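Asker: Here it is, the structure in full.
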Amino acid sequence: MTAMATKAAHRPETGEAEFRRWTPQEVVDRQLLPYRSARIVREKCYRRELFCHRDGGRITFTADDLRRNNELGAQVPLSA
Numbered sequence: 020m021t022a023m024a025t026k027a028a029h030r031p032e033t034g035e036a037e038f039r040r041w042t043p044q045e046v047v048d049r050q051l052l053p054y055r056s057a058r059i060v061r062e063k064c065y066r067r068e069l070f071c072h073r074d075g076g077r078i079t080f081t082a083d084d085l086r087r088n089n090e091l092g093a094q095v096p097l098s099a
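Just so we're aligned: 79 in my numbering is position 60 of the sequence shown, and the numbers increase by one with no gaps anywhere.
And the structure:
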């Protein structure tokens, strides 16, 4: 499997993934956010530092939530 195919397999933005919800553990396992443990992800959600859904008391992430969270860490070049 090539590196490009591996990256494409982990992207939550195509097809049925748009409607899927990921748990904090799945987000960490698939490296969709730059955190090492599900506990850290949950704590950030409780402190409202990450975009997430808390439907029924369970923390889940949609593809849109993951995109918005990844934009939070984006750095703008000085030349811009």
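Just so it is clear, CB atoms sit at the ideal spot from N, CA and C, and this is done for glycine as well. Source: prediction; values computed, not measured.
Can you tell me whether Phe-80 is helix, strand or coil according to DSSP?
Answerer: Here residue 80 is taken as the residue at index 61 of the sequence shown, counted from 1. In this structure, Phe-80 counts as strand in the three-state DSSP scheme.
Asker: Ala-57 to Val-47, Cα distance in whole Å?
Answerer: Position 38 of the sequence shown, counting from 1, holds the residue named residue 57. Position 28 of the sequence shown, counting from 1, holds the residue named residue 47. Distance between the alpha carbons of Ala-57 and Val-47 is about 6 Å.
Asker: Using only the heavy atoms of the ligand PLP, determine whether one of them is closer than 7 Å to the beta carbon of Arg-58.
Answerer: Only the bare structure without any ligand can be found here, which leaves the ligand PLP out of the picture.
Asker: If we ignore side chains and look at the alpha-carbon of each, how far apart do Phe-70 and Thr-79 end up?
Answerer: As a first step, residue 70 must be located in the sequence shown, where it is residue number 51. As a first step, residue 79 must be located in the sequence shown, where it is residue number 60. Each residue's alpha carbon lies about 10 Å from the other.
Asker: So, are the CB atoms of Gly-92 and Pro-53 less than 8 Å apart?
Answerer: The residue given as residue 92 occupies position 73 in the sequence shown. The residue given as residue 53 occupies position 34 in the sequence shown. In this structure, Pro-53 lies closer than 8 Å to Gly-92 by Cβ.
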